[in-house]
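> Mind the numbering: the sequence shown is residues 16 to 1124 in our numbering, read in order.
The beta-carbon is built from N, C-alpha and C at its ideal position, and this holds for glycine as well.
Remember, predicted model here, so these are calculated numbers, not experimental data.
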Amino acid sequence: MNKHSTHTFDEQSNAPVGEQKSMRPWDQKTWNSAHMLGQASTAFDDLMSQEAQVTFGKIDPKRPGMGTKPNGWKPTTGTWRELLDAKLTRHMKSTRKEGSGFVLGVSGNGERKKDSMRQMYAIGIDIDEGTTIDNVVQKVAATGYAAVIYTSYRHMTQTLELNYSKVIRHGAVTDETVQKYLRQEKPNLGEECIREVTVATARHDTGGEIVVICNCPPIHKMRVILPLAQPVDISCLTRDPKEGAKIWRAKVKALAAMLGVQHDTACEDPSRFFYAARHPEGAEWRTLVFRGRPLAFEELETEGDNPFLRAAGSAGRVSTIPESVTATTPDGRTINVTSLYRRYGQRWELHRIMEGTSAYHRDGDVDGKAVVRCAFHDSEHSDREDDDATIAWSPDAHEHGFAAITCLHSCRDRHHTVNYLAKYIEDGILDPADLEAAENMIPVGVGGEGPFSRLTPEEGADDDEVLEDIVLPDRAAREADTAASNRDALLSLVDAFDIDTTEPEVREVIRVALKTKADKAALGRLKTAVTGKTAIKAAAYNGLVTEEKASQKRKGAKKSSGSMDVYDHYKARNDYIAGRIRAVNSTDPAFFQYMEEFATADAVRGRIRVLDYLTFSTEVQKIVDFFKVRSTDKSERQVGAKAPGENLEFVFNDATFRDSLPALSRVVTTPFFASDGTLVSTPGYHAGAEVYLSPNGLQVTGVSPHPTADEANAAARYIVEEVLADFPLGGLSRAEIMEQAFTGTGVPAVANVLAMILLPFVRDMIRGATPLHLVNKPAPGTGAGYLVACSTIIPTGFEAPAMTMPPGKDELAKTLFAALIAGGTHLFFDNVNHEMDSAELASVATAPEEGYEARVLGKSQKVTVKIKQVLIIAANTLSMSEELLRRGILIDMDARMPHPDLRDPEKFRHRDIRGWCRDNRAELVRCCLTIIQHWVAEGQKPGKYTLASFENWAEIMGGILDSAGVRGFMGNAAALKDDLANGEADVMGEVFQAIAEAFHSHTKLGNDPRLYIGTKKLEETRKGKIGVFDILHAMDDVPRLEWGETEQYKDGEMRVVYSNSNKASAKFKAEAKRTRRVEIDGKAWNVRYEREKDAKAKSWCYRQVLTEP
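(1) Rounded to a whole number of angstroms, what is the C-alpha to C-alpha distance between A770 and L976?
(2) Below 8 Å between beta carbons: does that hold for E726 and H949?
(3) What are the boundary residues of the beta strand (DSSP E) that includes V239?
(4) Identify the residues that DSSP records as bridge partners of A605: which are they?
(5) Rank V790, P519, A937 by C-alpha distance to the C-alpha of Y1 and give the top, closest one.
(6) Determine the DSSP secondary structure at M579, reduced to helix, strand or coil.
(7) For I74 versus G87, is the C-beta spacing smaller than 8 Å?
(8) From the DSSP output, which residues share a beta bridge with W968?
(9) Where does D484 fall in DSSP's three states?
(10) In whole angstroms, what is the alpha-carbon distance linking K824 and E451?
(11) How about the segment 194-201 and the segment 178-185: do they share at least three Cβ pairs that are nearer than 8 Å?
(12) Take every Cβ of the segment 614-631, pair it with every Cβ of the segment 675-692, and state whether three or more of those distances are shorter than 8 Å.
(13) Quick check for students: name the residue ranges of the alpha helix (DSSP H) that lie wholly in the segment 673-749, counting only runs of 4 or more.
(14) Are there three or more Cβ pairs, one per stretch, closer than 8 Å when the segment 353-372 is compared with the segment 609-620?
(15) Opposite N791 in the DSSP bridges: which residues?
(16) Nearest CA to the CA of E176: which residue from T697, D393, T344, A217?
(17) Buried or exposed for H235, going by 16 or more other Cβ atoms inside 10 Å?
(18) What residue range does the alpha helix (DSSP H) around C389 cover?
(19) Residue range of the beta strand (DSSP E) that M132 falls in?
(20) Can you name the residues that DSSP bridges to N848?
(21) I think V859 touches I882, with their Cβ atoms under 8 Å apart; what is that distance to the nearest whole Å?
(22) Give the DSSP-derived three-state secondary structure of S48 in the structure shown.
(23) At what residues does the beta strand (DSSP E) containing Q955 begin and finish?
(24) Is the segment 406-424 in contact with the segment 599-609, if contact means three or more CB pairs nearer than 8 Å?
(25) Return the first residue and the last residue of the alpha helix (DSSP H) that K1108 is part of.
(26) Whole angstroms is fine: what's the gap from D248's alpha carbon to R133's?
(27) Quick one: what's got a C-beta closer than 6 Å to I514's C-beta in the same chain, skipping five residues either side?
(28) Quick check on the DSSP output: the beta strand (DSSP E) that includes Q1119 runs from which residue to which?
(29) Could you give the C-beta distance for M780 and S690, rounded to a whole number, given that I count them as a contact under 8 Å?
(30) Excluding five sequence neighbours on each side, which residues of the same chain lie with their C-beta closer than 6 Å to the C-beta of S1076?
(31) When burial is assigned at 16 or more other CB atoms within 10 Å of the CB, is A327 buried or exposed?
(32) Rounded to the nearest angstrom, how far is the Cβ of A244 from that of A311, given a contact under 8 Å?
(33) Measure from the alpha carbon of M985 to the alpha carbon of each residue in K1038, M818, G838, N767, then state which is nearest.
(34) Measuring only the C-alpha atoms, how far is Y136 from A271?
(35) Quick one: what does DSSP say N230 is sitting in, helix, strand or coil?
(36) Return helix, strand or coil for Y628, following the three-state DSSP convention.
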């Protein structure tokens, strides 16, 4: 019997069966898991007997096919008492948050889509940050409304997982960098929380994405549900049914604003699915029910005449103005952007302000509106090709009367105007001084100053009214011709200097003095002040000045081709920008072409950085020197200016100019061998190889130009013994690997891993394609991820980021394009859990020397890219088409135990093998170079190996390994075609234990049992015919992945039924060949199942094979 939970309602008493009919649960202190709050009221009593409809269902993203079918969202009707008793007052202990839940209304067609929703019976919000449950309880209690609050699964979490790629855009992963990122991207956490966030793991591979794991104070997470006094049909709220969802969204915003909380904007969708209340064992959780009156839909005040509500809703879907959003300028100043917005939000001529920045595209269709580049274009745009989706509004043009930045993409759900402005400031695109310049303001209205409409200091605002936390530079101090009049300001920089002042602090003051063109008198007074207060005396001070002048002269050389007037001829400005790029490239190339895009070398991360328009503009701004003439009644003078957007856009879109730039194929962080076998170790761009070398401080010494065979062999042994031998390559132990890898037939898996490690060093020597490196293992925990990490740390210094391989053809093509444009040295697909059959991947693997033709995302355009990446795929039991199999080499791993993840790490040579590889990378690189240099010095003798489509690779890699005495290269090629066991996650262990017990029971009865897919009648079961669905139905209600489970909802009951024979048959066929460990009558056995034909029944069945371990 299936032990699922059900709720049956007694129609006479409206009480769940089994409870005393005379007892009203809401009159008690607790109701199931919930605590009751508020005074008893007739309004709440009436609500409990009021009928409502809620749609129960299930969503399980981690288990595809296990959720409610797309058209299976059917409502359950009951009184609010019944609905609360069934779900909303129960907080369940669970090992995971995914599973059953509800939608607060009814779908018109059974689909859970925004436009399909009709009657809504309650309104709810998710609160994930920025407040406490006690605070929300007080706010809800103060409203007097009936409500349910329950904590969500990760309530009180003290861990944050942050996107690694987004964090490192702010700098190296440190506590300060993470806090800076959070202030920009997640300001709703609050400053009190953010300043206590610390980095726990700087780089963690989840298998899906790379994250930064941080410790933080407990974060309160909860859901608030308010029943409506009357149901609302959102399709009837306006004449246009589709517009009703917008009104619903506004009401959800209004609810959040009423409670003073930041909410997850996804819950503004009327089809929002709320997970039922669950908590991990031992976790803190709460469910609260408020005895109040139901909320009338019209009571929620939307954005009308209230300026604070209008300001909150003036940009996207953020319900309140984010507090204390700050930005750090490129020169290190901190700007409180929220404070600026609260002063000038109704005065900024934002379209005009943005017109002077590199983010500006063009004027909008009405005055006061400009199309701009989204500040979050690279990280959060759902369509990066759409550059017309972000608008800068001035107050007169915006419906709310506020300056605003709005975007049509996903970032609108997370960011208010202040977040956009802060990001523009952080990126050096927007000068914060422009946000307090009188010339960029519309006049204060006749009613005088008010919220969001204050005078600027320039207009005569009282000093007391100017917020202290708005940090703005003295505008005149930034102009060169005022340096002489600012001697006192310059000297004020050394007021705090004393005997402990450091050299870097003095250098910084000298830089400021030189940059502002301080006159000789000012420089003399500065020298006297510094040498009189610090330990740095005259001679040392003069030396610092000389060094800083030389440094600034070198920087100035980048602009040696002169300045350009922003109002000069359009073509002259275009030619000037192109000329500056060519001038920079003539000495030390920095601008390249890659995949028909502008690119630079990311020397820190060792990858190609493709430039979009915004990043291209930023890079160009660093090397050009535009100016404009500012006139006064007494004089004219030149002041610095940004490069005009129209000229940047022209050069960016000039394909002829872009294609004239040097091509870039790889960015490497270790010395490499050129196509002729020359060892290249000089940093910088190497045109012949189209490679940019940036060692990042790596110093490799001791590589002889003529290493001996013994030296090459010793280098190979060092890598195997120190890095590879603890991995169960070829199913062997450490001792067996060291004994066999360099003798006889060798260990093919070891040789193939070495080939994968060495490939980046010799990629330019290989003509044409290189194969897929297929890391195969029968069970998780074997160490494939660590093996790939070590194999990529050695040549690059970084772990190759793991990607998920999507099963769909189109999605895989998109993933490949995104990975190629990311410009890394490795493409690594990890934990592939489906059969691989991709023409696109096959084409990448066998791309000719000329390159692979990739489809550009969102366009019909194709670009050609040279495939220089090392291609790696890891899986628990490989399953792939013949086309892919013949394009790969096998790196097989097998720990030969049921739970390889439980191996004792103390028995490994290095407990933290990845950390050891990082710490000893210089020596490991020296070994790699020695192995290859020996082969080069001996005449580059090709190995006698062949692999169709990869002949040159096989000869070179085989020759290198042979010369170092490594045996077994490609010796396991035949194993690729074996029917390998499926090593998918062993969530099936309990199922196979139950099957084995059923076989044992029938054997004791004298039957010769067989297992069939489906359900068997009683008389068949008595004869030894076992139905797998019968076994599953008799087990507990733990979901059984891919066994054909469906959920049926009827009259408030949920039933789990196994009925999909096709799905179950495919599942068992894949699982049957894997040997598993079961226990029968206290004894351990290995069990597997062999398929055979039941001639009488004309169907397939399985017999059990038991062997002793």
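Working from what's here:
(1) Against the sequence shown, residue 770 aligns to sequence position 755. Against the sequence shown, residue 976 aligns to sequence position 961. Roughly 8 Å between the two C-alpha positions.
(2) Mapped onto the sequence shown, residue 726 falls at position 711. Mapped onto the sequence shown, residue 949 falls at position 934. Yes.
(3) Here residue 239 is taken as the residue at index 224 of the sequence shown, counted from 1. Its beta strand (DSSP E) spans residues 237-248.
(4) For this step, residue 605 is matched to residue 590 along the sequence shown. In DSSP, A605 forms no bridge with anything.
(5) As displayed, the chain neither begins before 16 nor continues past 1124, which places residue 1 out of reach and without an answer.
(6) Within the sequence shown, residue 579 is the residue found at index 564, counting from 1. Three-state DSSP puts M579 in a strand.
(7) Numbered from its first residue, the sequence shown carries residue 74 at position 59. Numbered from its first residue, the sequence shown carries residue 87 at position 72. Contact: no.
(8) Here residue 968 corresponds to residue number 953 of the sequence shown, with the count starting at 1. Bridge partners of W968: none, in fact.
(9) In the sequence shown, the residue the question calls residue 484 occupies position 469. A caution first: D484 carries a pLDDT of 36, below 50, which makes its placement in the model unreliable, though a value can still be read off. Coil.
(10) Within the sequence shown, numbered from 1, the residue matching residue 824 stands at position 809. Within the sequence shown, numbered from 1, the residue matching residue 451 stands at position 436. Computed Cα separation, rounded: 52 Å.
(11) Enough Cβ pairs lie closer than 8 Å, so yes.
(12) yes
(13) 724-734
(14) no
(15) The sequence position of residue 791 within the sequence shown is 776, counting from 1. Beta-bridge pairing links N791 to A890, D907.
(16) As a working note, residue 176 is residue 161 in the sequence shown. Comparing Cα positions, the closest option is A217.
(17) Taking the sequence shown and counting its residues from 1, the one referred to as residue 235 is at position 220. The residue in question, H235, is buried, as its Cβ has 16 or more Cβ neighbours within 10 Å.
(18) Taking the first residue of the sequence shown as 1, we reach residue 389 at position 374. No alpha helix (DSSP H) holds C389; DSSP gives it neither H nor E.
(19) Within the sequence shown, numbered from 1, the residue matching residue 132 stands at position 117. Taken as a continuous stretch (DSSP letters only), the beta strand (DSSP E) holding M132 covers 132-142.
(20) Here residue 848 corresponds to residue number 833 of the sequence shown, with the count starting at 1. Beta-bridge pairing links N848 to no other residue.
(21) Here residue 859 corresponds to residue number 844 of the sequence shown, with the count starting at 1. Here residue 882 corresponds to residue number 867 of the sequence shown, with the count starting at 1. Right, the Cβ-Cβ distance comes to about 6 Å (below 8 Å), so this counts as a contact.
(22) Position 33 of the sequence shown, counted from the start, is the residue given in the question as residue 48. Three-state DSSP puts S48 in coil, outside helix and strand.
(23) Reading the sequence shown from its first residue, position 940 is the one you call residue 955. No beta strand (DSSP E) contains Q955, which DSSP labels as neither H nor E.
(24) no
(25) Stepping through the sequence shown from its first residue, residue 1108 is reached at position 1093. Unbroken run through K1108 is the beta strand (DSSP E), 1098-1109; no alpha helix (DSSP H).
(26) The residue labelled residue 248 in the question sits at position 233 within the sequence shown. The residue labelled residue 133 in the question sits at position 118 within the sequence shown. Straight-line Cα distance between these residues: approximately 5 Å.
(27) Taking the first residue of the sequence shown as 1, we reach residue 514 at position 499. Contacts found: A550.
(28) As a working mapping, residue 1119 is identified with position 1104 in the sequence shown. Taken as a continuous stretch (DSSP letters only), the beta strand (DSSP E) holding Q1119 covers 1114-1122.
(29) Indexing the sequence shown from 1 puts residue 780 at position 765. Indexing the sequence shown from 1 puts residue 690 at position 675. Contact holds; Cβ gap of about 6 Å.
(30) Looking up residue 1076 in the sequence shown gives position 1061. Correct list, in chain order: I1028, G1029.
(31) Residue mapping note: residue 327 aligns to position 312 of the sequence shown, counting from 1. Interpretation of A327 is limited by its pLDDT of 47, a score under 50 that renders its predicted location unreliable; the figure taken from the coordinates is listed afterwards. Buried.
(32) As a working note, residue 244 is residue 229 in the sequence shown. As a working note, residue 311 is residue 296 in the sequence shown. The pair is a contact, with the Cβ atoms about 5 Å apart (cut-off 8 Å).
(33) Working through the sequence shown from its first residue, we reach residue 985 at position 970. Out of K1038, M818, G838, N767, N767 has the C-alpha closest to the C-alpha of M985.
(34) Here residue 136 corresponds to residue number 121 of the sequence shown, with the count starting at 1. Here residue 271 corresponds to residue number 256 of the sequence shown, with the count starting at 1. Using only the alpha carbons, I get a separation of about 18 Å.
(35) Translated into positions along the sequence shown, residue 230 becomes position 215. Strand at N230.
(36) In the sequence shown, residue 628 corresponds to position 613, counting from 1. In this structure, Y628 counts as helix in the three-state DSSP scheme.
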